[in-house]
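Asker:
Residue numbers (my numbering): 166 to 463.
(1) State the start and end residues of the unbroken beta strand (DSSP E) segment that holds residue 393.
(2) Please check the pair residue 311 and residue 406, which I expect to be a contact at CB under 8 Å, by giving their CB distance rounded to whole angstroms.
(3) With distances taken Cα to Cα, identify the nearest neighbour of residue 244 among 316, 296, 216 and 270.
(4) Taking the Cβ atom as the reference point for each residue, do residue 251 and residue 224 lie within a distance shorter than 7 Å?
(5) Could I get the ranges of all uninterrupted alpha helix (DSSP H) runs contained in the segment 181 to 230, with 4 residues as the minimum, in chain order?
(6) Taking the C-alpha atoms as reference points, what is the distance between residue 309 and residue 302?
(7) What whole-angstrom Cβ distance do residue 253 and residue 228 have, given they're in contact under 8 Å?
(8) From residue 390 to residue 184, what does the alpha carbon distance come to, in whole angstroms?
(9) Which same chain residues, not among the five before or five after residue 271, have their C-beta less than 6 Å away from its C-beta?
(10) Closer than 6 Å by C-beta to residue 166: which residues in its own chain qualify, once you throw out the five before and the five after it? Chain order, please.
(11) Look at the Cβ atom of residue 181, then the Cβ atom of residue 203, and state whether they are nearer than 7 Å.
(12) How far does the alpha helix (DSSP H) with residue 322 in it reach, from first residue to last?
(13) Mapping the DSSP letters down to three states, classify residue 166 as helix, strand or coil.
(14) Determine the DSSP secondary structure at residue 251, reduced to helix, strand or coil.
(15) Measure the CB-CB distance between residue 380 and residue 408 and report whether it falls below 7 Å.
(16) Between residue 206 and residue 239, is the Cβ-Cβ spacing less than 7 Å?
(17) Please classify residue 266: is it buried, with 16 or more other beta-carbons within 10 angstroms of its beta-carbon, or exposed?
(18) Put residue 363 into one of helix, strand or coil per three-state DSSP.
(19) Determine the burial state of residue 460: buried for a count of at least 16 other Cβ atoms within 10 Å of its Cβ, exposed for fewer.
(20) Taking only the alpha-carbon atoms, compute the straight-line gap between residue 454 and residue 414 and give it to the nearest angstrom.
(21) Does DSSP put residue 416 in a helix, in a strand, or in coil?
(22) Taking the alpha carbon of residue 451 as the point to measure from, which residue in 424, 441, 288 and 173 has its own alpha carbon closest?
(23) Whose C-alpha, out of 342, 322 and 279, is nearest the C-alpha of residue 352?
(24) Short check: CB of residue 337 to CB of residue 363, under 7 Å?
(25) Along the chain, which unbroken stretches of the beta strand (DSSP E) at least 3 residues long are found entirely within the segment 265 to 331?
(26) Expressed to the nearest angstrom, what Euclidean distance is found between the alpha-carbon atoms of residue 186 and residue 280?
(27) DSSP three-state label for residue 354, please.
(28) Got a sec, what are the start and stop residues for the alpha helix (DSSP H) residue 442 sits in?
(29) Any heavy atom of the ligand NAP within a distance shorter than 6 Å of the CB on residue 285?
(30) Kindly indicate which residue of 445, 282, 273 and 418 has the alpha-carbon position closest to the one of residue 318.
(31) Since residue 367 contacts residue 404 with CB under 8 Å, what's their CB separation in whole angstroms?
(32) Which residues does DSSP list as the beta-bridge partners of residue 261?
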């Protein structure tokens with residue numbers, strides 16, 4: 166692709182290996198189901214959703230020059246994603262994520278994003294070498310950033326002159342990596358997308374509702390925060406404005422991996438299309454509900 170991307174997605178691009186069963190599961194369960202290998206990773210999930218909403222996303226990540234990496238880049242290109250900025254490593258294998266899902270939700274997951282972490286700031290080169298911007302002429306578009314990056318790299322991104330004009334949309338990769346987003350908690354141009362547990366980890370507290378969590382993030386310095394709580398009411402808080410709350414549509418849950426990424430992508434797409442705060446939140450919740458119900462294609 167030669168056209169300048171509408172949005173840059175920075176973070177994990179990997180293979181999702183997902184086992185799904187229609188049965189409720191617990192530790193030690195051995196049940197029939199289906200196992201699939203699909204393009205995934207937080208940044209890639211967001212990019213795929215953005216492409217479904219008609220945008221042109223570019224990926225900044227690390228992918229190995231192994232057979233799995235070649236397959237992954239080809240799959241991304243077939244989904245109309247710009248893969249030309251991906252750092253391809255001869256020495257690092259392509260990352261993978263493995264999850265088990267039952268009728269009662271996510272049972273367990275392991276994220277192997279060690280190659281992305283090892284690549285470090287090599288993945289950011291297009292933002293400084295003129296392909297997407299430079300320190301003197303920073304990228305001024307929207308950036309979707311995921312927490313699979315190292316703490317050091319996230320801290321670098323938060324103060325990088327090449328991103329001094331960017332609209333930063335930030336999400337953790339998982340609750341276990343939520344605290345990596347602390348450099349963006351007081352960032353003046355960062356929008357945080359977290360779930361209730363992740364919000365609590367960021368501010369070292371516990372909350373009974375998404376609204377409480379979103380307002381606490383803003384009180385701690387966040388310019389803007391969106392907090393989801395599964396099928397319960399979600400909220401958006403902005404410094405100096407009323408907090409918005411909205412309950413997502415009720416649907417039969419058939420999958421959960423990628424739901425938060427779909428929510429974030431739909432919200433970004435809605436705002437880039439001109440939606441107001443309430444409209445963007447509603448569209449994001451509907452898109453996430455469609456996704457978990459299976460109505461949105463993978």
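Just so it is clear, CB atoms sit at the ideal spot from N, CA and C, and this is done for glycine as well.
Note that the structure is predicted; figures quoted are calculated from it, not measured.
Answerer: Quick answer:
(1) 389 to 394
(2) The Cβ separation is near 26 Å, so there is no contact.
(3) 216
(4) yes
(5) 207 to 217
(6) 19 Å
(7) 6 Å
(8) 32 Å
(9) 421
(10) In this predicted model, residue 166 has a pLDDT of only 45, less than 50, meaning its place in the structure is not dependable enough to derive any value.
(11) yes
(12) 316 to 324
(13) Reliability of the predicted coordinates at residue 166 is poor, the pLDDT of 45 falling under 50, and the value obtained from them is presented with this limitation in mind. Residue 166 falls in the coil class under three-state DSSP.
(14) coil
(15) yes
(16) no
(17) buried
(18) helix
(19) exposed
(20) 6 Å
(21) coil
(22) 424
(23) 322
(24) yes
(25) 270 to 277 and 307 to 311
(26) 30 Å
(27) coil
(28) 442 to 458
(29) Absence of the ligand NAP from the depicted structure is noted, as is the absence of any ligand whatsoever, leaving it without description.
(30) 282
(31) At roughly 16 Å, the Cβ-Cβ gap does not stay under 8 Å, so residue 367 and residue 404 are not in contact.
(32) 180 and 277
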